[in-house]
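K.L.:
Everything in the sequence shown is counted per my numbering, starting at 66 for the first residue and increasing by one.
Would you mind keeping the following structure in view while I ask a few things?
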Amino acid sequence: ESFLQEVVASYVDGKPLHLVNPQRSAFLPISATEFKAQPIRDVLKIFSRQNIVVYGLPQEEKVEFNETAFYDLVPSLDDDIDIQVTDLSIEPIKGNYRARLKVGTARQLLAAHRQDGGKILNALNFPGVVLTHPDLPLSSDVVSWNATRSRKMSQGETYPIPDMRWYLAATHGAAHMWHIDTNGTGTFIESEGVKCWIVAFRKDDSEAFFSDTNCFLPPFDVTTVNKEKWRLEAIILSPGSHFQMRPNTIHSVITINGTICRGGHLFCFSTMQQTAAGLIHSFVAELFITNTDHSATKTVLRRMAELCHLVFVRGRLHDNPRVLAHIPNLNDMEGVLNFLSLCNLVILANVLDGRTYQGWGQEDEKRTKKHLHDIKAYDRNAIPFEEREKYRHARGMCLHMLLWFGARYEATFHDPTGKDVPIDVLCDLVFAYLVQQGRALLLYKQKAEKHKITGYPGRTSKLLSVQLDAVFGIDERLKKGWISSALDQDTTKYSNLLWSGRKDLYFKKTSTANERMGQLFSYCDMKPTLPHFSFGIQCQWIHIA
66 ESFLQEVVAS YVDGKPLHLV NPQRSAFLPI SATEFKAQPI RDVLKIFSRQ
116 NIVVYGLPQE EKVEFNETAF YDLVPSLDDD IDIQVTDLSI EPIKGNYRAR
166 LKVGTARQLL AAHRQDGGKI LNALNFPGVV LTHPDLPLSS DVVSWNATRS
216 RKMSQGETYP IPDMRWYLAA THGAAHMWHI DTNGTGTFIE SEGVKCWIVA
266 FRKDDSEAFF SDTNCFLPPF DVTTVNKEKW RLEAIILSPG SHFQMRPNTI
316 HSVITINGTI CRGGHLFCFS TMQQTAAGLI HSFVAELFIT NTDHSATKTV
366 LRRMAELCHL VFVRGRLHDN PRVLAHIPNL NDMEGVLNFL SLCNLVILAN
416 VLDGRTYQGW GQEDEKRTKK HLHDIKAYDR NAIPFEEREK YRHARGMCLH
466 MLLWFGARYE ATFHDPTGKD VPIDVLCDLV FAYLVQQGRA LLLYKQKAEK
516 HKITGYPGRT SKLLSVQLDA VFGIDERLKK GWISSALDQD TTKYSNLLWS
566 GRKDLYFKKT STANERMGQL FSYCDMKPTL PHFSFGIQCQ WIHIA
């Protein structure tokens, strides 16, 4: 009730903001006809600012909340599934809100739905088995996957459908309180019933607020309105609507009547900054602020980075209009920051993978002394060797792209007199951003541990520090920046997961790219500092597109 009261308090002249002034709202309602007519790049730009609600979609045969519908979700009604019991008397254990998750069956869910006064249940994870919505306009991940399927490191890979497509089922009154969706993903959903979707926005409309490393630390409470922090907006999702939610969106969902939803996750080039913030929040405070971990999503990010390398560095696929519509615009500050955010996430992929902190062969949360010894001495962890090789290759590819960008582009800002002042793109932006995110991640983890907010067991700040030292030890300039950040007394500059430096930069291609690229590579000493941190791509001469 308190949530809905705060939602109503945000109304303008008795109406929701998305009806009165949709450009200022967290939601942009748009008809299916109008949405389909929009150029892809325009849709991506809208999504970088607002969640999109498409209405007026043709409805297929109604999906009833019955046995027939559930047989499309599970082989047997008696198979175990994770069920969230909406019972706030179940206290979280050491900040772990998954204590409210129980194992049940679809049959029990149906029984509760049909019983007057039955239990309020919310089944959160029915993995998909087919790739629904393969042509979703916002889905840069699917575009990237298709465009890179013939690349050497991508051959034989299968798009992770169980992680990226799913169904939900909930009985009347089910409420999922404040959370962000996992691993920095965006989300789309189609409801066969009625749901009230509530999102929080900073009262001053500050995008940086939800990427602040203090955002989800005390006194934040996942079960209360937190109205001193933000304003609330809500929208009703009903049959015939398609909702697309940006990454790192704090939201709460109330089920109005028993319903089954079809949905999925996506990654979008135009929201990579928000993906970076959401993924780091998930890593640090996963058991507190988000749902289950999907490590396979990092494979998707790798494929997106591979597409960027193909287009930007190799000069390929320029005849593919769909690819060009998605790819970041490197003449634009936001496009550059999204591009750099993607590169940073792939470079830090091992660091941000929970399996890095699990022992090889570890089958549960109990890590043995042997597991810990192998992790510390040999960096031997639970990530399969083939996958680590792909991580290694992708890390080298993204480091190569950062060097390429530093050589290929110049950046300036206007001083108070209107004069153009140049910056060192590589040191003052590219490497500075990577160092900032790495240091912010470590300090965030240390603060969260003090507040007893944790991710999965084993992800300690000490082991995290070892992994980060290895990443930044790859390159002498990165190492220098990393050491300098550790000595910096002003830690406030590392309190946000988004770029905290100048955002008024103007970019243009340089005419001396090939010469500068050779100079940049000449200083590189990409020797490994841990077994899996070798550079991954031999630094040979590559013509700059």
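In this text, a Cβ means the ideal position worked out from N, Cα and C, and glycines have one as well.
1) Under 8 Å, do D358 and N248 count as touching if we go by C-beta distance?
2) Taking the DSSP output, what are the residues bridged to F450?
3) Across the segment 383 to 394 and the segment 543 to 550, are there enough close Cβ pairs to call them in contact, namely three or more that are closer than 8 Å?
4) With which residues is N396 paired in a DSSP beta bridge?
5) Spatial neighbours of D569 within its chain, please: CB distance less than 8 Å, with the 5 preceding and 5 following residues excluded, ordered by chain position.
6) Comparing alpha-carbon positions, which option in S565, N190 and R89 lies nearest A273?
7) Return yes when the Cβ of L437 is within less than 8 Å of the Cβ of G424, no when it is not.
8) Using the DSSP secondary-structure output, state which residues sit across from K558 in a beta bridge.
9) Which of helix, strand or coil does DSSP assign to H316?
10) With DSSP as the reference, label F281 as helix, strand or coil.
11) May I ask you to verify whether the segment 516 to 531 touches the segment 343 to 355, counting CB pairs closer than 8 Å and requiring at least 3?
12) Going by C-alpha to C-alpha distance, which of V128, Q124, L174 and V118 sits closest to D145?
13) Let's test the definition: count the other Cβ atoms within 10 Å of the Cβ of R524 and tell me whether it reaches 16, buried, or not, exposed.
14) Between which two residues does the beta strand (DSSP E) harbouring G258 extend?
15) Under 8 Å, do F112 and C326 count as touching if we go by C-beta distance?
16) Taking C-beta to C-beta, are P505 and L562 nearer than 8 Å?
17) Taking the straight line between their C-alpha atoms, what separation do you get for S360 and E222?
18) In three-state DSSP terms, what is T336?
19) So, is A212 buried or exposed, given that buried needs 16 or more other C-beta atoms within 10 angstroms?
20) Between the segment 97 to 106 and the segment 237 to 255, can you find at least three pairs of beta-carbon atoms closer than 8 Å?
21) Starting from V77, follow its DSSP beta bridges and name the residues at the other end.
22) For a quick check, are the C-beta atoms of V73 and V85 less than 8 Å apart?
23) Taking the alpha carbon of G329 as the point to measure from, which residue in H178, L122, A171 and V194 has its own alpha carbon closest?
24) Suppose you measure from the CA of H237 to the CA of H178; what does that come to, to the nearest Å?
25) Of the choices H316, G183, F191 and E255, whose alpha-carbon is the least far from that of H241?
26) State yes or no: is the C-beta of P227 within less than 8 Å of the C-beta of E257?
27) In terms of DSSP beta bridges, what is L297 paired with?
28) Between P225 and T364, is the Cβ-Cβ spacing less than 8 Å?
29) In the DSSP assignment, what residue or residues form a beta bridge with R327?
30) Could you give the distance in angstroms between the alpha-carbon of V378 and the alpha-carbon of A188?
31) CA-CA distance, R230 and L552?
32) Can you give me the Cβ contacts of L508 inside the same chain, cut-off strictly under 8 Å, excluding the 5 residues immediately before and after it?
33) Could you pull the start and end residues of the beta strand (DSSP E) that T477 belongs to?
34) Should F450 be labelled buried (16 or more other beta-carbon atoms within 10 Å of its own) or exposed?
35) Whole angstroms is fine: what's the gap from I105's alpha carbon to H391's?
36) Who are the near neighbours of P283 in its chain, counting only those whose CB is closer than 6 Å to its CB and skipping five residues on each side?
P.N.:
So, to answer that:
1) In contact: D358 and N248 (Cβ atoms closer than 8 Å).
2) F450 is not bridged to any residue.
3) As far as the Cβ criterion goes, the segment 383 to 394 does not touch the segment 543 to 550, which means the pair count is below three.
4) N396 is not bridged to any residue.
5) The beta carbon of D569 lies closer than 8 Å to those of M398, F478 and H479 in the same chain, with the five residues before and after it left out.
6) Nearest option by C-alpha distance: S565.
7) Contact flag set, yes.
8) Its beta-bridge partners do not exist; DSSP assigns none.
9) The answer is strand: DSSP assigns H316 an E or B state.
10) If DSSP states are grouped into helix, strand and coil, F281 belongs with coil.
11) Output reads yes: the segment 343 to 355 touches the segment 516 to 531.
12) Of all alpha-carbon atoms in V128, Q124, L174 and V118, the one lying nearest the alpha-carbon of D145 is that of L174.
13) Around the CB of R524, 16 or more other CB atoms lie within 10 Å, so the residue is classed as buried.
14) Premise fails: G258 is in no beta strand (DSSP E) and is neither H nor E.
15) F112 is not a Cβ neighbour of C326, given a cutoff of 8 Å.
16) This sequence places Ala at residue 505; Pro is not what is there. Yes, Cβ-Cβ distance for A505 and L562 is below 8 Å.
17) Near 15 Å, if we compare the C-alpha coordinates of E222 and S360.
18) Helix.
19) So A212 counts as buried.
20) Not touching, per the Cβ criterion.
21) DSSP lists K80 as partners of V77.
22) In this structure, V73 keeps its C-beta atom at 8 Å or more from the C-beta atom of V85.
23) Per the Cα distances, V194.
24) It is roughly 7 Å from the alpha-carbon of H237 to the alpha-carbon of H178.
25) Ranking H316, G183, F191 and E255 by Cα distance to H241 puts H316 first.
26) No, the Cβ-Cβ distance between P227 and E257 is not below 8 Å.
27) According to DSSP, which records beta bridges pairwise, L297 is partnered with A265.
28) Contact flag set, yes.
29) Paired residue(s): Y232 and E255.
30) Looking at the backbone, the Cα of V378 and that of A188 are separated by about 44 Å.
31) R230 and L552: Cα-Cα distance of roughly 44 Å.
32) Same-chain partners within the cutoff: T278, T556, Y559 and S560.
33) Run containing T477: Y474 to H479, per the beta strand (DSSP E) assignment.
34) In this structure F450 is exposed. Its beta-carbon is surrounded by fewer than 16 other beta-carbon atoms within 10 angstroms.
35) Going by the C-alpha atoms only, they are around 7 Å apart.
36) H516.
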